[in-house]
Structures are given as C-alpha cells and as structure tokens.
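Residue numbers (my numbering): 3 to 329. Cβ atoms here follow ideal geometry from the backbone N, Cα and C, with glycine treated the same way. Worksheet: one structure, shown below.
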C-alpha cells in the first residue's frame with residue numbers, strides 16, 4: 003500500500019504545472035515537419051481519444067491494434083471495431099479492425115486505416131482559381147498484429163504495417179513495425195506499458211509531375227516515418243461492484259516534435275455507462291478532450307458505442323465515433 007501511495011504521489015507531482023515546466027521543457031519543436039505519413043499519428047477509437055490518447059497502459063480491447071499490440075492479450079473475447087473520425091479541415095479518418103484468439107494466450111489481429119477527403123482543384127501560377135482539373139489525396143494502411151501473454155503479468159505484441167500515400171500522380175509506399183509490452187506490477191491494479199510505433203526505413207515518393215513551363219520532376223527527397231516511443235502507467239484508484247475509476251498518465255517521445263505528456267481518466271457505472279476526460283501537456287494547439295460511452299450486452303454480441311470530442315485550438319475540433327463488437 004505504501005508503494006502504491008508513492009506512485010500516486012509521483013503522478014500528481016508529474017502533472018502539476020510547476021514541476022511539469024521543469025521536468026519537460028519545450029524542447030524538440032525544431033524537429034517538426036521532418037517525418038511523413040502523418041495520418042499514422044491520428045488516434046483510433048472514441049475511448050482512447052476522450053482520455054487524451056493516454057491509452058497504451060489501458061489498451062484492453064480491439065483498439066489496441068493501434069495503441070499497443072501487447073494489449074490484445076489482455077482481451078478475453080474476439081472483437082471487431084469500426085472507428086470514424088471527423089478530422090480537421092474536412093478530412094475523414096477511418097479504422098476497421100478485428101482480433102481473434104488462437105488460444106488462451108495467443109491473439110492475432112488485422113486492421114485497415116484510411117484517410118480521405120474530397121478532390122481539390124488544380125491551380126498554377128497563372129491560374130490561381132483553378133485549371134478545371136482536380137487532384138486527389140489519400141492514405142491507407144494495412145496491418146497484421148500478433149500478441150502473446152507470456153505470463154499472467156506480462157504480455158508482448160508486434161505489428162507489421164504496409165502504408166501507402168497518394169498525392170495526385172505521386173505514391174509513397176513502405177513497411178513499418180510496432181512493438182509493445184504490457185506489465186501488471188502487482189501493486190493493486192497498476193500496470194505499466196512501453197510501445198514503439200511506426201518504426202521503419204525512410205520513405206521516398208515515386209512518380210513524375212509536370213511543373214509550370216512544361217518542366218518535369220521525378221526526383222524526390224526521402225523522409226522518416228513518424229516514429230513515436232510511449233511509456234504509460236494506469237491504475238484504478240477506486241473500484242467496487244458498481245463504480246470504477248481508471249486513471250492513466252503517458253509520456254510520449256515523437257521523432258518529429260517535442261516530448262509531451264498525456265493524462266486521462268475514465269469513470270464507469272456498472273460497466274454500462276462511461277464518462278471520460280483527458281488533457282495533453284506541452285502539445286502545441288492540442289489540449290483537452292472528453293467523451294462518453296455506453297455498453298449494451300446482447301445475446302449475440304456485446305456492443306459498445308463511444309464518442310470523443312477533442313479541441314485543437316485555432317484549427318477547430320475533431321469528433322470520433324467508434325463501435326466495438328465483442329463476440
């Protein structure tokens with residue numbers, strides 16, 4: 003109990019404003035814009051997004067396909083998830099995934115991600131209002147995940163992901179991997195998770211475009227994938243048969259921006275109604291989020307619907323909807 007009190011005290015100090023400014027100064031902002039495939043950084047699922055994306059140490063459903071592959075081994079059933087995100091500036095983000103238990107300790111999953119928008123008009127230096135032609139932009143990712151519970155306390159997982167970005171006549175393709183661990187410390191319900199996502203080689207576009215003056219260009223610069231390292235801790239400060247409160251704190255280290263911290267909480271009433279909130283520290287233009295969910299047990303399948311609202315300051319807001327089916 004003494005150790006648990008120390009951990010809770012440390013988390014409180016970590017997210018306090020004065021200590022935060024000392025522990026996590028705004029460094030690394032100069033790295034912004036050095037990576038590609040930015041759609042891979044968009045979170046999945048209304049539950050995680052409402053909690054400020056502080057989810058790697060909580061991920062215990064099919065949304066773990068995105069957040070932490072080791073979390074799939076924490077599930078006890080086969081699941082299917084559909085997530086829709088009304089993203090910024092009329093962009094839509096979709097995620098579909100399913101997981102299947104090969105055995106008590108082995109789980110596999112398959113997921114598909116897509117980012118899309120309406121076609122945009124082609125403009126030039128002498129035709130700034132459009133040439134009458136249109137071009138398209140879109141991203142897709144297909145991923146295969148495997149997770150195994152090594153012991154009752156520790157699980158491990160990995161994902162291999164194929165991604166493709168399309169900008170008019172240009173395409174960029176590549177393979178990336180995610181690795182994750184999930185560990186129950188034995189101190190109450192405290193668990194600890196570490197993940198690395200989107201790790202891979204640099205990516206270079208393929209294709210040729212015709213520039214103004216009938217000039218052609220086919221050589222392009224290569225960019226790193228948006229690799230991110232996350233460490234998270236979660237626990238239930240209070241839990242009984244009717245009420246549950248889950249809290250989570252997560253340190254994020256992206257390769258293309260400053261380190262930052264996410265904190266989130268989830269209140270559950272009888273595991274039927276959920277209220278959630280989260281906050282991001284040291285993230286420019288991103289701050290609070292909140293949401294709710296409802297779980298409806300049925301004879302054929304358990305259905306959970308989640309919604310999340312996220313504020314992006316001057317850019318506007320994002321709305322996420324997700325549907326989780328447990329079989």
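Counted within 10 angstroms of its Cβ, other Cβ atoms place residue 81 as buried (16 or more) or exposed | buried
Would you be able to state if there are at least three C-beta pairs under 8 angstroms between the region 49-59 and the region 278-291?
-> yes
Residue 160 and residue 141: beta carbons closer than 8 angstroms?
-> no
Compute the Euclidean distance between the alpha carbons of residue 55 and residue 243, then round it to the nearest angstrom.
-> 27 angstroms
Could you tell me if residue 130 is buried or exposed, where buried requires 16 or more neighbouring beta carbons within 10 angstroms of its beta carbon?
-> exposed
Taking the alpha carbon of residue 76 as the point to measure from, which residue in 164, 182 and 35 has its own alpha carbon closest?
-> 182
Can residue 46 and residue 65 be called in contact, C-beta distance under 8 angstroms?
-> yes
Based on Cα-Cα distance, which residue from 257, 220 and 109 lies nearest to residue 72?
-> 109
Cβ-based burial, residue 235 [other Cβ within 10 Å; buried from 16] = buried
At what residues does the alpha helix (DSSP H) containing residue 52 begin and finish?
-> Segment 48-52, the alpha helix (DSSP H) holding residue 52.
At least three beta-carbon pairs within less than 8 angstroms, the region 188-199 to the region 210-222 | no
Pick out the complete beta strand (DSSP E) segments inside the region 79-104, 3 residues or longer, and give them in chain order.
-> 81-88 and 94-103
Identify the continuous alpha helix (DSSP H) that holds residue 69 and give its terminal residues.
-> DSSP places residue 69 in the uninterrupted alpha helix (DSSP H) bounded by 66-69.
Compute the Euclidean distance between the alpha carbons of residue 70 and residue 324, then round it to the nearest angstrom.
-> Near 18 angstroms, if we compare the C-alpha coordinates of residue 324 and residue 70.
Which residue comes first and which comes last in the beta strand (DSSP E) that contains residue 314?
-> No beta strand (DSSP E) contains residue 314, which DSSP labels as neither H nor E.
What's the C-alpha gap between residue 128 and residue 217?
-> Whole-angstrom Cα-Cα distance: 15 angstroms.
When you compare each of 43, 83 and 233 to residue 308 by their alpha carbons, which one comes out closest?
-> 83
Of all the options 229, 261 and 61, which has the alpha carbon lying nearest to the alpha carbon of residue 39?
-> 229
Nearest-angstrom Cα separation, counted from residue 296 out to residue 239 = 22 angstroms
Which term fits residue 219, buried or exposed, when burial requires 16 or more other beta carbons within 10 angstroms of its beta carbon?
-> exposed
Would you list, in sequence order, the uninterrupted alpha helix (DSSP H) runs of no fewer than 4 residues that lie entirely inside the region 237-303?
-> none
Please check the pair residue 143 and residue 165, which I expect to be a contact at CB under 8 angstroms, by giving their CB distance rounded to whole angstroms.
-> 5 angstroms
Distance between beta carbons of residue 322 and residue 85, contact taken as under 8 angstroms | 7 angstroms
Where the beta strand (DSSP E) containing residue 169 begins and where it ends | 156-169
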